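Engineer:
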Amino acid sequence: MDKEDALICFEEHIRALEKEEEEEKQKTLLRERRRQRKNRESFQKFLDELHDHGQLHSMSSWMEMYPALSSDMRFASMLGQPGSTPLDLFKFYVEDLKARYHDEKRIIKDILKDKGFLVEVNTSFDDFGSVISSDKRATTLDAGNIKLAFNSLLEKAEAREREREKEEARKMKRKEAAFKNMLKQATPPLEPEASWEEVRERFLKESAFEDVTLESERKRIFKDFMHVLEHECQHHHSKTKKHSKKSKKHHRKRSRSRSASESEEEEYHKKKKRSQSKSPSERSSSGESERSYKKSKKHKKKTKKRRHKSASPDSDSEKKGRERDVKRERDSEKDKENDKSRAKSRSESKQKSPKRKAAKEEGGWDTSGSELSEGELEKRRRTLLEQLDAP
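With the first letter of the sequence shown counted as 1, position 206 gets the number 206 in the UniProt record's numbering; the numbers rise by one all the way through.
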């Protein structure tokens, strides 16, 4: 045999061995996959058994079921193999149960309808479960879905009850309003001190009285009404007291202002009388003083008004106006002082020369105008003396 033929035979043999090895590997891989699949199937059957016994349902959790699952060999055979884990299979199984909820809820409603059973607020799950389990269609139902359906129907019953209570409360409010209106429109009107036993006979034939069936409710509404009535009476009484106090204060203020104005008028009239009794020169001085007094009074009123108007935050123009008012007040005070000094000087001059006054009055000369010089005064004295000496 040639070397080439020997090499060809060797290569063919090696290829055959490699093929056998590859086939063996494929067989072992298939066997392993089959084993893993069987483990998964056995674990799935284990979950079905738990579901049939009612231990596993759509509301079950992994933490709750782990002690029961881990104690079985089918769970242990799943450990360490690739692919889906026991936790994954458990989750998939529970999700499938939850997906059946809507279909199973319809079946539950049909069973309840056939049995004529209505879920109320006080219905227990045991009563509900006994009604459902008595039907043949309940054999395929999941226990968790039955519980979920019961919770849903119970929530609807509670919502109906809440709505009914609201409607009852609305009706009761309307009845209370009608009852209070009946008490309000009573003739003669109810007194705050009246009791229910005293006035009950007056309302026996009223429809509002008959609508409120419980006597305790009637008493309660009457008590509330009387409390409000008493409060209103006290409020009205306090209002009248406040009004009377305000009117008294207003009357006092008005009387004070009137008395002040009357006193000012009296002083003014007295001053007028004094000025009339005085000589022409004194009248002129008093007239000047009165004018200055009136001017100062008007000026004060104006300044008060300006101050009242400038109660708002000061601006530059308002500050300037105030400064002007202060200057005017100072000027008016100076004018008053000047008038007083003039009046004093005139009164002193009159006291010093009483003879001059008498001579002027006898001679009938009018000295109220401009002042006379000393030479003219001497001439007049001489003429007066000559008149006196003449027989």
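Note that CB positions come from ideal geometry on N, CA and C, so glycine has one too.
Remember, it's a predicted structure, so these values are computed and weren't measured experimentally.
#1: Tell me which residue opens and which closes the alpha helix (DSSP H) that S152 is part of.
#2: Nearest to T140 by CA position, among A159, L97 and A186, is which residue?
#3: What residue range does the alpha helix (DSSP H) around Q26 cover?
#4: Leaving aside the five residues before and after W196 along the sequence, list all residues of the same chain whose C-beta is less than 8 Å from its C-beta, in chain order.
#5: Give a yes or no on contact between the segment 183-194 and the segment 151-167, applying the rule of three or more CB pairs nearer than 8 Å.
#6: My assumption, with CB atoms under 8 Å, is that G144 sits in contact with M59. Please give the rounded CB distance.
#7: If you draw a straight line from the C-alpha of S341 to the C-alpha of Q387, how long is it?
#8: When the Cα atoms are used, what is the spatial distance from T85 to D2?
#9: Can you tell me which of the three DSSP states A208 falls into?
#10: Taking the straight line between their C-alpha atoms, what separation do you get for K180 and E206?
#11: Among R170, V326 and S133, which one has its Cα closest to the Cα of D110?
#12: Among K91, K156 and E95, which residue has its Cα nearest to the Cα of E118?
#13: How about D211 and K173: do their beta carbons lie closer than 9 Å?
#14: Would DSSP call residue 452 helix, strand or coil?
#15: Which same chain residues, not among the five before or five after R137, have their C-beta less than 8 Å away from its C-beta?
#16: Could you pull out every residue in the same chain whose Cβ sits closer than 6 Å to the Cβ of D142, ignoring the five residues on either side in sequence?
#17: Between D331 and chain C, is the shortest Cβ-Cβ distance under 9 Å, so that the two count as touching?
#18: Buried or exposed for H51, please, with buried defined as at least 16 other CB atoms from any protein chain shown within 10 angstroms of its CB.
#19: Helix, strand or coil: which one does DSSP assign to G83?
#20: Kindly confirm or deny that the segment 77-84 and the segment 32-45 touch, where touching means at least three C-beta pairs closer than 8 Å.
#21: Who are the near neighbours of R100 in its chain, counting only those whose CB is closer than 7 Å to its CB and skipping five residues on each side?
#22: Cβ of L89 within 9 Å of Cβ of Q55?
#23: If you draw a straight line from the alpha carbon of E163 to that of D48, how long is it in whole angstroms?
#24: Does H227 come out as helix, strand or coil in the three-state DSSP assignment?
#25: Going by other Cβ atoms of all chains shown within 10 Å of its Cβ, with 16 needed for buried, is E104 buried or exposed?
#26: Report the CB separation of R74 from S42 in whole angstroms; it is logged as a contact under 8 Å.
#27: Return helix, strand or coil for A358, following the three-state DSSP convention.
Structural biologist: Judging by the given coordinates:
#1: A143 to K184
#2: L97
#3: K3 to D52
#4: R218, K219, F222 and K223
#5: no
#6: 4 Å
#7: 38 Å
#8: 59 Å
#9: helix
#10: 12 Å
#11: S133
#12: Reading the sequence as shown, one finds Leu at residue 118 and not Glu. Of the candidates K91, K156 and E95, the one whose C-alpha sits nearest the C-alpha of L118 is K156.
#13: no
#14: Because the chain is modelled from 1 through 391, residue 452 falls outside the range shown and cannot be assessed.
#15: I107, D110 and I111
#16: H57, S58 and L97
#17: Here there is only one protein chain, and chain C is not present.
#18: buried
#19: coil
#20: yes
#21: D142 and N145
#22: no
#23: 43 Å
#24: helix
#25: buried
#26: 5 Å
#27: Confidence in A358 is poor, its pLDDT being 46 and thus under 50, which makes the residue's placement too unreliable to answer from.
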